[in-house]
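For the protein sequence lines, the chains are A and B, in the order given. Just so you know, the first sequence maps onto residues 1 to 327 in the working numbering. Just so you know, the second sequence maps onto residues 328 to 854 in the working numbering. Built from N, CA and C at the ideal position, the CB exists for glycine as well.
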Amino acid sequence: MDALAQFISRAILQGTPLLYGATGEIITEKSGNLNLGIPGIMYIGAISGVIGGFFYQNESQSVSPLLAVIIPLLCCLFGSLLTSLLYCFLTVTLKANQNVTGLAITTFGVGFGNFFGGSLIKILKSDVPYLSLVKIAKAYKTTVFPFSDDMGSFGKMIFSHGFMVYLAIIIAVVAGIFLKRTRPGLHLRSVGENPATADAAGINVTLYKYLATSIGGMIAGLGGLFYIMDYSNGIWSNNGFGDRGWLAIAIVIFSIWKPSMSILSSYLFGALYILFNYINVPMTYIPLIQMLPYAVTIIVLIATSVRKKRENQPPHALGVTYFREER
Amino acid sequence: MSPCVFSVNFNTGGTLILNALELKNVTKRFGDVVANNNINLTVKSGEILAILGENGSGKTTLMNMIAGIYFPDEGSIYVNGKPVTISSPKDAFNLKIGMIHQHFKLVDLFTATENIVLGINDKHKFNIKDAEKRVAEISAKYGFDIDPKKKIYDMSVSEKQTVEIVKVLYRGADILILDEPTAVLTPQETEKLFTVIKKMKEDGKSIIIITHKMHEVLSVSDRVAILRRGEYIDTVVTAETNEAQLTEMMVGKKISLNISRSEPKNSVDRLIVKNLNLTNADGVKVLDNISFTAKSGEILGVAGIAGSGQKELLESIAGLINSSKGEVTYIDPSNNSKIDLRKKTPMQIRELGVRLSFVPEDRLGMGLVGNMDIIDNMMLRSYKNGHSLFLDKKPPKKLADKIIKELEVVTPSATTPVRRLSGGNVQKVLVGREISSAPTVLMAAYPVRGLDINSSYTIYNLLNKQKENGVAIIFVGEDLDVLLELCDRILVISSGAVSGIVDGRTAKKEEIGLLMTKAKGAKENEE
């Protein structure tokens, strides 16, 4: 039983960066921007937080838990915001191709992260190829529910995590309500569905695209930050984040663009991602199991395409640059 | 210009009536093209004003300026006597002006109500249930038949139009502009729409309706304003005018263009179209029992209001649409055998010598790839000829050079991407390529659209030359003067049906104008 509880607990931790990434990408895609730069933005969010945390930990005498959380958090948001704005400027203002821009930003983001990660390691003159922000990580991993200790293994499995696990759920739920029930949510969806109609209805298409992409990017960036500060116990190593950004984009498809669906699908993907550690399979088969999240995504894509239910399709203008009709 | 000019009318009782809307000396240019020149227009409160004009007469441009989509270059607009500036659709909403566009602006995935409230930013709490209630109220008041919760993708064209109208009314519009609202409706739906329009008028709203169907103008409007080639002609009271007078004002006097036209020689039947029918995805009949014969060595003109089925007709013949019913028979000049084109693929039809040079609105059209150069575009038609792995660019290069020289295409070189050429030169490349393959039937749709005078004459000469070579030419045009001088016979279509075939040498412009605006079903009792 304890093994199961531990598995689920790890799956939640594994799924949380994916949830941030997926929620951010859903909000972005609802504006019609297919931001394939999300993996790169998550990298940049992570390294920005690491840079902030690194200097705070190294420069100050005593580390206050509050500042240890806030400084990396703000740095992370700032870094992902700048990258998202770059994406918007290229695709919305300069009308560049979204796919090319997104892929370029992902390549750039991974390189940016590794470059500055490497630089920080150099500053430390460290012998190991990683750097460790233990004091910062401690603040991130502090349990928000003090009572979780008394709840047995299943209580611990759910309630013993740091605040960012729950923040991810809250953001996803709020995003779902925002999209479904609010006026700006309706307007945002209309921009992604049919920007010409939104424009004619007096909605500022450019503003909505910028806002949705920036906020979405910042949320995704938090996923990168969580991965370093909580999941990896404050240890940055180059390329450590891996392909989780792409997994987040796969979750967007898997949850058919619904933030509420993305919560459970993220944990499911997280579970599939680490499943090989908990079942007894020969080494040679591990890649097959690691492939599962992508395989189910393809199955969902096929299923939704076959069923052709209009509500389950991607936003109609996704990936399409909007030009106001001119004569 | 004095900012406080109030324009008022006095009716016979002496009470003051403000004009709902007034345009003074409004001019709009697109580049060198003057779309609206010095237009004056008055809309009274509580009246239905019809705007009548041919294609390209500037009706929609004018209305777009009132709705805030375009901004006038010159002139002033008054609403309820006050001078106003309308620089965005939002400004128009605030002035209680609403436009129902010909192409609906709706989000398919949303419900009727979601579409209706889209873009409204009032202080009320956002509550879709309340909005649904208000939509139902408005529908009941004017007699609309609409389910507030229905998704747009489940709706018929007529329902979508209703949503557009309710959208405008929901925002409290007092002036409604309807851009060709009946073009997509069945006669029954049109009847329903007119009932609603009259109800809105009784409610004190002013309605502007753009249409070119004469009987609709006469049956629904109080006054008619006529535009022609971007110029304002006149506004007349509907009760005091008739079809003939309106048509004459709409098409104007005949202008002589001096296009040469030779007598057809050795004319034989080449293409026989019989009872062609086509229903589009919305269930609207776009081709209605079309029958005609195209003869060799002759130019057959096709006249009609834009969107009357011209595109579908040509595409049906070329085999690009195969859902149509009817017969298309091609008579092979080599052995006079009859070939049923309906059973052939587009490629086989092309090989028979039936060529379609289609130039739709977006200029580059269906025939050219903008990013490829002239030589590569030539190869789009000959790519099947070669058998080796590598391209043989010599023949297409030769052809490209020949077209550039003979048709005087202005281009830096044959390797310039065609999208960098001006509209006229693009058309020359397209038409030149289609002609180069020695067709037996040449279909050209709007080949001179957007061209300057000289380029237009180059195209006319090209067509005439082909005609002398014995090609059967089908020329879809929009300018009646050109059709009357270039074509030997003119097929007039209205709402997808043939409303008449006239002789290009003897027909009168007004005659064609009347045929073009004739309603379906009205033709039997007039002929």
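Here the region 46–61 of chain A does not lie against the region 246–264 of chain A, with fewer than 3 beta-carbon pairs under 8 Å apart.
Three or more Cβ pairs drawn from the region 401–414 of chain B and the region 347–354 of chain B lie within less than 8 Å of each other, which places the two stretches in contact. Within chain A, no residue has its beta carbon less than 7 Å from that of Phe-398 of chain B; the closest one is some 13 Å off.
Interface residue (Cβ-Cβ distance to chain A less than 7 Å): Pro-514 of chain B is not classified as such. Taking the CA atoms as reference points, Leu-818 of chain B sits about 30 Å from Val-361 of chain B.
Ser-403 of chain B is bridged by DSSP to B:Lys-351.
Here DSSP, grouped into helix, strand and coil, assigns Glu-642 of chain B to helix.
One thing to note: Gly-636 of chain B has its Cβ no nearer than 7 Å to the Cβ of Val-655 of chain B.
Closer than 8 Å at the C-beta level to chain B, one finds no residue of the region 27–59 of chain A. Distance check between Ile-524 of chain B and each of B:Glu-374, B:Ser-661, B:Ala-621 places B:Glu-374 closest, using alpha-carbon atoms only. The alpha-carbon separation between Leu-179 of chain A and Lys-601 of chain B amounts to approximately 54 Å. Secondary structure note for Glu-575 of chain B: it is in no beta strand (DSSP E), and the uninterrupted alpha helix (DSSP H) holding it is 570–578.
A straight-line Cα-Cα distance of about 10 Å links Val-92 of chain A and Leu-85 of chain A.
Our two residues, Glu-518 of chain B and Lys-540 of chain B, have alpha carbons roughly 13 Å apart in a direct line.
Between the alpha carbons of Phe-115 of chain A and Gly-40 of chain A lies a distance of about 13 Å.
C-alpha of Leu-36 of chain A to C-alpha of Tyr-210 of chain A: approximately 15 Å in a straight line.
Relative to the Cα of Pro-723 of chain B, the nearest Cα in the group B:Ser-764, B:Arg-747, B:Val-753 belongs to B:Ser-764. Comparing alpha carbon positions, the residue from B:Leu-505, B:Met-699, B:Lys-526, B:Ser-709 closest to Ser-740 of chain B is B:Met-699. Listed as beta-bridge partners of Met-770 of chain B by DSSP are B:Leu-683, B:Ile-801. When the five nearest sequence neighbours on each side are left out, the beta carbons in the same chain lying within less than 7 Å of the beta carbon of Leu-272 of chain A are those of Leu-292, Pro-293, in order along the chain. Taking 7 Å as the threshold, the shortest C-beta distance from Ile-203 of chain A to chain B falls below it. For Ala-196 of chain A, the chain B residues whose Cβ falls inside 7 Å of its Cβ are Lys-432, in order along the chain. Setting aside the 5 residues that flank it on each side, Met-218 of chain A is surrounded in the same chain by Leu-77, Ser-80, Leu-81, each with a C-beta closer than 6 Å to its C-beta; the list follows chain order.
For Ser-190 of chain A, the nearest beta carbon of chain B is closer than 7 Å to its own beta carbon. Around the C-beta of Glu-639 of chain B, 16 or more other C-beta atoms lie within 10 Å, and the residue is accordingly described as buried.
Exclusion of the five residues before and after Ser-153 of chain A leaves Asp-2, Ala-5 as the residues of its chain whose Cβ lies within less than 6 Å of its Cβ. Of all residues in the region 154–188 of chain A, the ones placed with a Cβ closer than 8 Å to any Cβ belonging to chain B are Arg-181, Thr-182, Arg-183, Leu-186, His-187, in chain order. Note on geometry: alpha-carbon atoms of Thr-304 of chain A and Glu-464 of chain B lie some 37 Å from one another.
Remark: three or more beta-carbon pairs, one from each stretch, lie closer than 8 Å, so the region 227–245 of chain A and the region 15–33 of chain A are flagged as touching. Within chain A, not a single residue places a beta-carbon under 7 Å from that of Asp-779 of chain B; the smallest gap is close to 17 Å. Close to chain B, meaning a Cβ-Cβ distance shorter than 9 Å, are the following residues of the region 302–319 of chain A: Arg-310, Glu-311, Gln-313, Pro-315, His-316. At the C-beta level, Leu-598 of chain B and Ala-799 of chain B come within 7 Å of one another. Within the region 411–446 of chain B, the complete alpha helix (DSSP H) segments of 4 residues or longer fall at 416–421, 439–444, listed in chain order.
Under the three-state reduction of DSSP, Asn-312 of chain A is assigned to helix. If the five residues before and after Leu-222 of chain A are omitted, its C-beta is found closer than 6 Å to the C-beta atoms of Tyr-20, all from its own chain and listed in chain order.
Take Ile-274 of chain A, set aside five residues on each side of it, and the residues of its chain with a beta-carbon closer than 8 Å to its own are Phe-7, Arg-10, Ala-11, Gln-14, in chain order.
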